[in-house]
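Number of protein chains: 2
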Amino acid sequence: MREQGDTRSRIQQVALELFTEHGYEATSLREIAERLGVTKAALYYHFKTKEDIVASFMEDRAAALQEIVTWAQGQPRTVETRREVLRRYAALMTSSRHHQVMRFLERNQTALRSHPKSERMREIMYTVMDLLSSPGDPLPVRVKCSVALFAMHATWFIDQDGGYTDDERTDAALAVALELVESAAAEAERSVTR
Amino acid sequence: MREQGDTRSRIQQVALELFTEHGYEATSLREIAERLGVTKAALYYHFKTKEDIVASFMEDRAAALQEIVTWAQGQPRTVETRREVLRRYAALMTSSRHHQVMRFLERNQTALRSHPKSERMREIMYTVMDLLSSPGDPLPVRVKCSVALFAMHATWFIDQDGGYTDDERTDAALAVALELVESAAAEAERSVTR
DNA sequence: GTCTATAGCGCGATAGAC
DNA sequence: GTCTATCGCGCTATAGAC
Chain A
23 MREQGDTRSR
33 IQQVALELFT
43 EHGYEATSLR
53 EIAERLGVTK
63 AALYYHFKTK
73 EDIVASFMED
83 RAAALQEIVT
93 WAQGQPRTVE
103 TRREVLRRYA
113 ALMTSSRHHQ
123 VMRFLERNQT
133 ALRSHPKSER
143 MREIMYTVMD
153 LLSSPGDPLP
163 VRVKCSVALF
173 AMHATWFIDQ
183 DGGYTDDERT
193 DAALAVALEL
203 VESAAAEAER
213 SVTR
Chain B
23 MREQGDTRSR
33 IQQVALELFT
43 EHGYEATSLR
53 EIAERLGVTK
63 AALYYHFKTK
73 EDIVASFMED
83 RAAALQEIVT
93 WAQGQPRTVE
103 TRREVLRRYA
113 ALMTSSRHHQ
123 VMRFLERNQT
133 ALRSHPKSER
143 MREIMYTVMD
153 LLSSPGDPLP
163 VRVKCSVALF
173 AMHATWFIDQ
183 DGGYTDDERT
193 DAALAVALEL
203 VESAAAEAER
213 SVTR
């Protein structure tokens with residue numbers, strides 16, 4: 023009846039869920055295989071290693087983020103550019119399981135510390151933050167911009183039984199984030215002319 | 023020359039560092055023992071299990087947070103109470119390795135999912151967030167208050183080579199957090215009277 | 001493309017000497 | 001209070017049949 027996708031993408035889906043729910047190290051390939059009704063050996067036909075499964079759903083998410091960064095680096099460092107970065111970032115969140123992957127990453131930071139794709143993601147996130155303020159800005163300004171970015175993720179894990187749609191969550195987060203970067207820009211301005 | 027503390031507290035210190043740096047599951051007792059120049063068996067004299075090491079530095083941090091919650095629950099739900107919650111929370115951060123423990127927790131959420139003390143900590147954090155807004159508040163208001171709390175932690179991992187002192191970091195975060203709860207309270211007010 | 005079977009390893013934890 | 005030695009387990013990964 024229902025399209026389940028090929029085995030490869032079903033492995034990705036189940037692995038992402040279990041890695042996020044119980045942790046990357048705590049989830050064995052046996053558990054993933056069992057939930058899919060296959061054996062561990064079958065997983066090794068589709069993926070070379072356990073890390074390889076992670077890399078498979080990390081790659082295109084990194085590319086999507088990089089696209090935003092590349093665009094912004096070709097723009098003037100204005101408040102309007104920063105607003106547009108947040109809008110594009112918000113649009114990403116609801117597509118292609120992006121926020122699920124980000125959640126997985128956030129929850130498994132240490133376990134994936136030396137994983138190349140995950141290091142890449144962390145680097146990109148720092149770059150995005152540097153787009154929202156300037157490295158030389160005072161600390162409170164920097165804090166504001168980093169929490170602006172965090173707001174985009176926080177919206178997914180507060181009041182989880184509140185019955186909100188993905189769009190309502192994105193809109194709420196974007197509103198808060200925009201307010202924060204505008205306030206941060208104004209504060210940075212004040213600190214320069216002071 | 024230098025006071026190193028007894029073995030028990032040295033184990034706690036090294037374990038906290040390694041668990042935070044490389045992850046709870048990824049850090050073996052062998053690694054901890056090696057860094058201390060003892061054997062695994064020695065650790066088992068001081069702690070019953072690996073989880074027990076975690077519990078040992080989690081307990082008093084949960085108690086410290088609970089103290090803030092208990093105080094606030096005996097106060098009127100005013101903006102001034104919320105401001106004071108943030109001030110007390112900020113004061114906590116610089117004492118007793120509090121922010122290190124919180125960082126360890128944040129980075130190992132999934133691995134510690136079924137760990138009683140860590141569940142307790144997560145519950146308390148949700149309670150603190152509920153002190154800063156009201157459960158019925160609109161989503162953007164809720165987002166603001168949760169990122170206000172997050173700001174207190176974010177300040178420790180941005181611009182890590184910026185040469186800031188702990189006090190500068192705390193002050194910056196507190197300023198941002200106070201601004202956010204005040205703005206959130208005003209927004210909640212507006213949404214009620216609208 | 002999925003199976004059975006197993007190699008090989010490092011883990012958490014314990015027993016008992018000193 | 002720390003040691004050596006070891007147990008038993010579950011893990012990632014592989015070999016080879018079907």
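Chains as they are written, first to last, in this note's numbering: chain A, 23 to 216; chain B, 23 to 216. Idealized CB from N, CA, C, for every residue including glycine. It should be emphasised that the depicted structure is a prediction, and the values quoted were computed from it without experimental measurement.
Taking a cut-off of 8 Å for Cβ pairs, the region 149 to 162 of chain B and the region 188 to 208 of chain A touch, as three or more such pairs fall below it.
A distance below 7 Å between beta-carbons, with the five flanking residues on each side excluded, links residue 39 of chain A to no residue of its chain. Among the CB atoms of chain A, none fall inside 8 Å of the CB of residue 188 of chain B. The C-beta distance from residue 64 of chain A to residue 55 of chain A rounds to 7 Å, short enough to meet the 8 Å contact threshold.
Against chain B, the CB of residue 45 of chain A has a partner CB under 8 Å away; the residue lies at that interface. Between the C-alpha atoms of residue 84 of chain A and residue 121 of chain B there is a straight-line separation of about 29 Å. Selection B:102, B:97, B:129 evaluated against residue 207 of chain B yields B:102 as nearest (Cα-Cα). Annotation for residue 129 of chain A: the continuous alpha helix (DSSP H) segment containing it runs 120 to 129. Within the region 146 to 178 of chain A, those residues whose Cβ lies closer than 7 Å to any Cβ of chain B are, in chain order, 161, 162, 164, 165, 166, 168, 169, 172, 173, 176, 177. Within the region 114 to 133 of chain A, contact with chain B at the beta-carbon level (separation under 7 Å) is assigned to 129, 130, 131, 132, 133.
If you look at residue 148 of chain A, you'll find it in the alpha helix (DSSP H) that goes 138 to 154. The beta carbon of residue 180 of chain B sits closer than 8 Å to some beta carbon of chain A. Contact of residue 197 of chain B with chain A is assigned, a C-beta pair being separated by under 8 Å. In the three-state scheme derived from DSSP, where H, G and I count as helix and E and B as strand, residue 172 of chain A is classed as helix. If you check the CB distance, residue 91 of chain B and residue 150 of chain B come in under 8 Å. Residue 126 of chain B sits buried, since 16 or more C-beta atoms from the chains shown fall within 10 Å of its C-beta. Annotation: the continuous alpha helix (DSSP H) that includes residue 42 of chain A extends over 29 to 44. Residue 47 of chain B sits buried, since 16 or more C-beta atoms from the chains shown fall within 10 Å of its C-beta. Neighbours of residue 77 of chain A across chain B, judged by C-beta separation under 9 Å, do not exist; the nearest C-beta is about 18 Å away. Runs of alpha helix (DSSP H) with 4 or more residues, each lying fully within the region 60 to 101 of chain B, are found at 62 to 68, 72 to 95, listed in chain order.
Excluding sequence positions up to five before and after residue 204 of chain A, its CB lies within less than 7 Å of the CB of 101, all in the same chain and listed in chain order.
Residue 135 of chain A sits close to residue 45 of chain B, with the two beta carbons spaced by under 8 Å. Within chain A, the residues placing a beta-carbon under 7 Å from that of residue 194 of chain B are 161, 162, 165, ordered along the chain. Between residue 58 of chain B and the set B:154, B:71, B:34, the nearest pair of CA atoms involves B:34. In this structure, residue 123 of chain B lies away from residue 174 of chain B, with their beta-carbon atoms at least 8 Å apart. Within the same chain, Cβ atoms closer than 7 Å to the Cβ of residue 188 of chain B are found at 116, the five residues on either side in sequence being excluded.
At a cut-off of 8 Å between beta-carbon atoms, residue 71 of chain B makes no contact with chain A. Under the three-state reduction of DSSP, residue 209 of chain A is assigned to helix.
Between the C-alpha atoms of residue 154 of chain B and residue 167 of chain B there is a straight-line separation of about 6 Å. The DSSP-derived three-state label of residue 195 of chain B is helix.
For the pair residue 86 of chain B and residue 114 of chain B, the CB atoms are nearer than the 8 Å cut-off.
Only those residues of the region 26 to 43 of chain A whose C-beta falls short of 9 Å from the nearest C-beta of chain B are listed: 41, 42, 43. Under a criterion of Cβ atoms nearer than 9 Å, no residue of chain A is adjacent to residue 210 of chain B; the nearest Cβ is some 13 Å distant. The C-beta distance from residue 68 of chain A to residue 29 of chain A rounds to 6 Å, short enough to fall under 8 Å. If you draw a straight line from the Cα of residue 61 of chain A to the Cα of residue 27 of chain A, it is about 18 Å long. Residue state for residue 204 of chain A is assigned as helix, using DSSP reduced to three classes.
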